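S.K.: Sequences listed follow chains D and E, in order. Here this note's numbering is used: the first residue of the first sequence is 1420, the next is one more, and so on. Here this note's numbering is used: the first residue of the second sequence is 9, the next is one more, and so on. Encoded as structure tokens, here's the structure I'll be asking about.
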Amino acid sequence: MKITGKSHVYGDNIDTDRIIPGKYTKTLDLQSLADHVMEDLDPEFSKKVEKGDIVVAGENFGCGSSREQAPLALKTAGVSLIIAKSFARIFFRNAINIGLPIIELKDYHIQPGDIIEADLISGLVTVNGQSYTGTKMPQVMVDILNNNGLVNYLAKHKTYKL
Amino acid sequence: MGQTIIEKIVSIHADKEVFAGELTVVNVDFLMASDTTAPLAIKAFQNMGGVQIFNASKMALVIDHASPAPNQRIASLHDMMREFANEQNIKLYDVGDGICHQLMIENEHAKPGQLILGADSHTCTYGAIGTFSTGVGSTDLAGAMLTGQTWIKVPETILININGPLQPGVSAKDIVLYVVGIVGIQGATYDAIEYAGSTMSDLSLDSRMTIASMSIEMGAKAGFIHTTGLELAYAFEHVLPDASATYKRVIDIDASQITSQVAIPHSPDNVKSIEEIDEIEINQAFIGSCTNGRLEDLHAAANILKDQRVHPKVRLIIAPASRKVFLDAVKDGTVEILTNAGATFLPSGCGPCVGTHLGVPGNNEVIVSSTNRNFQGRMGNRESNIYLGSPAFVATAALHGKIKNPQLI
């Protein structure tokens, strides 16, 4: 599964409150989440993000709340992949569970607007002629992602297969 | 080979002996979701083909994050939860009953040695009584509603030994802020924490819950307080590690060195000792949340505000952690003391802490708060600044209209 997209670059410790503020989370209208995504971090983000874009961040992306609305807001806004140096634990699971691909890259040189090519299965990321390899995910997470999320995975398998 | 607390609890729930780093499927003892996370979980459960949850007696839904409903949209989500609870025969805690984590322990849904998933990051609070409880998102919870199981990677453990007496005026919140300051906001990511030592053995249940709840502020999957010295209303087996357990890191803390601690904007690990902070003027003071909204916390505030009046420029708002906490505080006179001092009591719930409703700050306002997070925009306005501290810190600032050392009052 290959993805190509334009980067939006942010720093370390982007918490879930800044990805989607708590005041907007109580809804089942996913578009309303996308309308406010990253609002307290970058008020222009929801206007400039385009389908297929890639969010690039530093350490501990998605720390704080367990709100699955955070990856849902990013996915609904069109984000195709999140690359970060590390992810907060609950966000990591949530993103995979809703079928939003993520790659953990310990180090990278990526500027805003760079075009990134990524192979989700091998974790290979290429940008500006440089290649990086992401941390390997447990097979169960690869399987969940290949099913486009945990809903389809469990609808199919009925149980967890490790 | 000796096991940590989490290795022991996971082994029991996986029906095989496991150690840190292993992936395993575990059986869950109880599930919980709030009005932020339950609607998405219900939808995901139904989309998985779910008809009846694995065991109706092993789940509770709690309406606490936007409670009572501030608008029509949220009222509809609350109705969806009531309807689902009714058709599934699941326990529902409705408006005003309390904050989910308080209710889980008060009503004995969480017990020592159990494995519990909650669709709220502060689910780690039940580590206060030796439960392995961890926060998950709505879809993970839905998976457990369907199967009665989840998969986990057994985490490594950081052992934090805290020994010695506390200084006067220093409480559990100061201890945990001090720890968060040392470990950092991602210092325990993918790890469990065990809190041990004589200081911890002497703590009340309320204090233990304060400390366990903020384990997630270091990224931890779980935060156990050794149950030595813990008293509960029922008999239980203590939850302690083997003496030969392997730890990733050991941190030793001399409790007598801990002063009043404050997390300054905009991160809970941005921790300073009170002497390092200027006497900043404040606009609003909030006491509440799953971290510090219990009877002990209201008592700490009442000790400072008895026969006093909060500063005329300050709004003091208080949301007790549960109806029971509120009633206990009514019965023992605490509510009267605080109300006479100028406090406004809110219904039990999470609204102000999570920025949903009730106490959203104005632009450029300074808030002192007994809650757990001060991320930018956390209380509903990115143009405000939140300082986190103990209930005594919050009450002292409310009294003086500015940040002051509660230990000197």
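We put the beta carbon where it would ideally sit given N, CA and C, even for glycine. All values reported here derive from a predicted model rather than from experimental measurement.
Expressed to the nearest angstrom, what Euclidean distance is found between the alpha-carbon atoms of R317/E and R390/E?
M.R.: For R317/E and R390/E, the distance between alpha carbons rounds to 29 angstroms.
S.K.: When you compare the CB of N1513/D with every CB in chain E, is at least one pair closer than 8 angstroms?
M.R.: True, the Cβ-Cβ gap to chain E drops below 8 angstroms.
S.K.: Below 7 angstroms, is the gap between the Cβ of Q1558/D and the nearest heavy atom of the ligand FAD?
M.R.: Of the ligands one can find in the structure shown there are none, so the ligand FAD has no counterpart to examine.
S.K.: Given that a residue counts as buried once 16 or more other Cβ atoms are within 10 Å of its Cβ, and exposed if not, what is N238/E?
M.R.: It should be noted that the sequence gives Leu, not Asn, for residue 238/E. The residue in question, L238/E, is buried, as its Cβ has 16 or more Cβ neighbours within 10 Å.
S.K.: When you compare only the Cα positions, how much space is there between T1552/D and F1506/D?
M.R.: Near 16 angstroms, if we compare the C-alpha coordinates of F1506/D and T1552/D.
S.K.: Which residues in chain D sit within 7 angstroms of M56/E, going by Cβ to Cβ distance?
M.R.: Those are V1570, L1573 and A1574, listed as they occur along chain D.
S.K.: How about the stretch 172-179 of chain E and the stretch 289-297 of chain E: do they share at least three Cβ pairs that are nearer than 8 angstroms?
M.R.: Because the criterion of three Cβ pairs below 8 angstroms is not met, the stretch 172-179 of chain E and the stretch 289-297 of chain E do not touch.
S.K.: Measuring alpha carbon to alpha carbon, tell me which residue in G1518/D, S1550/D and L1491/D is nearest D1526/D.
M.R.: Answer by Cα proximity: S1550/D.
S.K.: Taking 8 angstroms as the cut-off, does the stretch 13-33 of chain E touch the stretch 85-102 of chain E (at least 3 CB pairs, one atom from each stretch)?
M.R.: The stretch 85-102 of chain E vs the stretch 13-33 of chain E: no contact.
S.K.: Just the Cα atoms here: how many angstroms apart are L1460/D and V1498/D?
M.R.: Looking at the two C-alpha atoms, the distance is approximately 16 angstroms.
S.K.: Taking just the CA atoms, how far does Q384/E sit from G1430/D?
M.R.: For G1430/D and Q384/E, the distance between alpha carbons rounds to 14 angstroms.
S.K.: Tell me, to the nearest whole angstrom, how far the beta carbon of G138/E is from that of S129/E; I am working on the premise that it is less than 8 angstroms.
M.R.: Contact flag wrong, Cβ pair sits at about 20 angstroms.
S.K.: Starting from the Cα of A406/E, find the closest Cα among Q415/E, R386/E, M387/E and I375/E and give me that residue.
M.R.: Nearest of Q415/E, R386/E, M387/E and I375/E to A406/E, Cα basis: I375/E.
S.K.: Pick out whichever of A327/E, Y198/E and H86/E has its Cα sitting closest to the Cα of I1509/D.
M.R.: Cα-wise, what sits closest to I1509/D is Y198/E.
S.K.: Beta-carbon within less than 7 angstroms of I190/E's beta-carbon, same chain only, minus the 5 sequence neighbours each way: which residues are those?
M.R.: Once the five neighbours on either side are set aside, the close Cβ partners of I190/E are I259.
S.K.: Comparing alpha-carbon positions, which option in G227/E, A196/E, T236/E and I345/E lies nearest L211/E?
M.R.: Of the listed residues, the one whose Cα sits closest to L211/E is T236/E.
S.K.: Quick check on the DSSP output: the beta strand (DSSP E) that includes T158/E runs from which residue to which?
M.R.: Counting along the chain, the beta strand (DSSP E) containing T158/E begins and ends at Q157 to K161.
S.K.: Under three-state DSSP, which class holds L39/E?
M.R.: In this structure, L39/E counts as strand in the three-state DSSP scheme.
S.K.: Using DSSP bridges, identify the partner residues of A118/E.
M.R.: Answer by DSSP bridge pairing: none, since A118/E is not bridged.
S.K.: Return helix, strand or coil for G231/E, following the three-state DSSP convention.
M.R.: Strand, per DSSP.
S.K.: CB-CB under 7 angstroms to G177/E, same chain, minus the five flanking residues each way: which ones, in chain order?
M.R.: Cβ neighbours of G177/E beyond the five flanking positions: S268, A400, P414 and Q415.
S.K.: Can you confirm whether Q157/E, when its beta carbon is compared against all beta carbons of chain D, has any partner nearer than 8 angstroms?
M.R.: Closer than 8 angstroms to some Cβ of chain D, the Cβ of Q157/E qualifies, so yes.
S.K.: Using only alpha-carbon positions, find the residue among T45/E, I166/E and T155/E that is nearest to H1576/D.
M.R.: Checking every option, the nearest Cα to that of H1576/D belongs to T155/E.
S.K.: Do the CB positions of C358/E and I107/E come within less than 8 angstroms of each other?
M.R.: It is a contact, given that the beta carbons lie within the stated cut-off.
S.K.: At which residues does the beta strand (DSSP E) containing K1555/D begin and terminate?
M.R.: Neither: K1555/D is in no beta strand (DSSP E) and is coded neither H nor E.
S.K.: Pull up the distance between the alpha-carbon of N382/E and that of Y395/E, whole angstroms please.
M.R.: Cα to Cα, N382/E sits roughly 7 angstroms from Y395/E.
S.K.: Where does K66/E sit, in a helix, a strand or coil, going by DSSP?
M.R.: In the structure shown, K66/E sits in a helix (DSSP, three-state: H, G or I).
S.K.: For the stretch 1487-1499 of chain D, which residues have a beta carbon sitting closer than 7 angstroms to at least one beta carbon of chain E?
M.R.: Cβ contacts with chain E come from E1487.
S.K.: Given this structure, state the Cα-to-Cα distance separating A329/E from V70/E, to the nearest angstrom.
M.R.: Looking at the two C-alpha atoms, the distance is approximately 13 angstroms.
S.K.: Give me the Cα-Cα distance between F1511/D and I1521/D, rounded to the nearest whole angstrom.
M.R.: Cα-Cα distance, rounded: 8 angstroms.
S.K.: Is it buried or exposed, L1500/D, if we count other Cβ atoms within 10 angstroms and call 16 or more buried?
M.R.: L1500/D should be labelled buried.
S.K.: Of the residues that make up the stretch 91-123 of chain E, which ones have a beta carbon closer than 7 angstroms to any beta carbon in chain D?
M.R.: Against chain D - using a Cβ distance shorter than 7 angstroms - the stretch 91-123 of chain E contributes no residues.
S.K.: Can you tell which of R302/E, D277/E and V333/E has the C-alpha that lies nearest to the C-alpha of D1434/D?
M.R.: Of the listed residues, the one whose Cα sits closest to D1434/D is D277/E.
S.K.: In chain D, which residues lie less than 7 angstroms from G385/E when you measure between Cβ atoms?
M.R.: Chain D residues near G385/E: D1436, R1437, P1440 and D1459.
S.K.: Check the Cβ-Cβ distances between D23/E and every residue of chain D, and say whether any is below 8 angstroms.
M.R.: By this cut-off, D23/E is not an interface position.
S.K.: Using 8 angstroms as the limit for Cβ to Cβ distance, is Y198/E near chain D?
M.R.: Cβ-Cβ to chain D under 8 angstroms: yes for Y198/E.
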